[in-house]
Amino acid sequence: MTLRGLSRRRWLLSSLLIAGAALLAIGIAAERHVGAHHTETGTEAVSRTPTNAQTVPSVEAGGDEANHIDETASAGTRRTETPGGETPESSESSAETVLGLELESNALVIVAVAASLALATVTWIRNRRGLLFATVAFAVVFAAFDAAEVAHQLKESRSGLATLAATIAVVHLATAVVAEQRATPAPS
Numbered sequence: 051m052t053l054r055g056l057s058r059r060r061w062l063l064s065s066l067l068i069a070g071a072a073l074l075a076i077g078i079a080a081e082r083h084v085g086a087h088h089t090e091t092g093t094e095a096v097s098r099t100p101t102n103a104q105t106v107p108s109v110e111a112g113g114d115e116a117n118h119i120d121e122t123a124s125a126g127t128r129r130t131e132t133p134g135g136e137t138p139e140s141s142e143s144s145a146e147t148v149l150g151l152e153l154e155s156n157a158l159v160i161v162a163v164a165a166s167l168a169l170a171t172v173t174w175i176r177n178r179r180g181l182l183f184a185t186v187a188f189a190v191v192f193a194a195f196d197a198a199e200v201a202h203q204l205k206e207s208r209s210g211l212a213t214l215a216a217t218i219a220v221v222h223l224a225t226a227v228v229a230e231q232r233a234t235p236a237p238s
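Here the sequence shown is numbered in the numbering used here, starting from 51 and rising by one per residue.
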């Protein structure tokens, strides 16, 4: 391989890693925005009303009397609970955890973006096979999570976020392909 060809692949790999990190951050922010907007407008579950602790039956828009409002004097908030005792927020967050880690927590997003940027820098500077194969593994793992996110967003009927997640998956797969091509020597 010529120096010019190696330089192009280094540029491409680093660019893909940076693009993947940027798109991941944008996707998480967009999903949080959509989720926050949905919570604010989709329910009248939270309102400030200090009262004594009591349970009051509630009839929601669908006539579902299984939901009830739990009013607590100490917190002064009203929160709708489902029959299983979960609030809508807790059922949403439990779906976003893997191995006990909340996938969209600020700390984990920062670590993922920082790791991607660090790999972009190091793979630009060095051409070590082990590092490139680690980049392949990193990109494949992220592509798998992106594919799961596509399915999740389609299930939630959020086609825009599903399209963004699919785009991120393609970027991560392209990253894996380019890193693998750089890691395997060209036949002489």
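In this text, a Cβ means the ideal position worked out from N, Cα and C, and glycines have one as well.
Assigned secondary structure, residue i (DSSP; H/G/I helix, E/B strand, else coil)
i       : result
Ser-230 : According to the sequence provided, residue 230 is Glu. The question's Ser does not apply to it. Glu-230: helix per DSSP, three-state reduction.
Glu-154 : coil
Arg-58  : helix
Asn-102 : Residue confidence is low: Asn-102 scores 48 on pLDDT, short of 50, so the model does not pin down where it sits. No coordinate-derived value is stated.
Glu-199 : helix
Ser-207 : coil
Arg-178 : coil
Ala-187 : helix
Between the CA atoms of residue j and residue i - distance to the nearest angstrom
i       : j       : result
Ser-209 : Val-200 : 9 Å
Ile-76  : Ala-215 : 10 Å
Leu-181 : Ala-212 : 31 Å
Leu-169 : Leu-67  : 7 Å
Arg-179 : Arg-232 : 8 Å
Ile-78  : Ala-198 : 14 Å
Ala-219 : Glu-206 : 18 Å
Val-221 : Ala-71  : 10 Å
Gln-203 : Ser-64  : 28 Å
Val-163 : His-83  : 19 Å
Ala-184 : Val-161 : 16 Å
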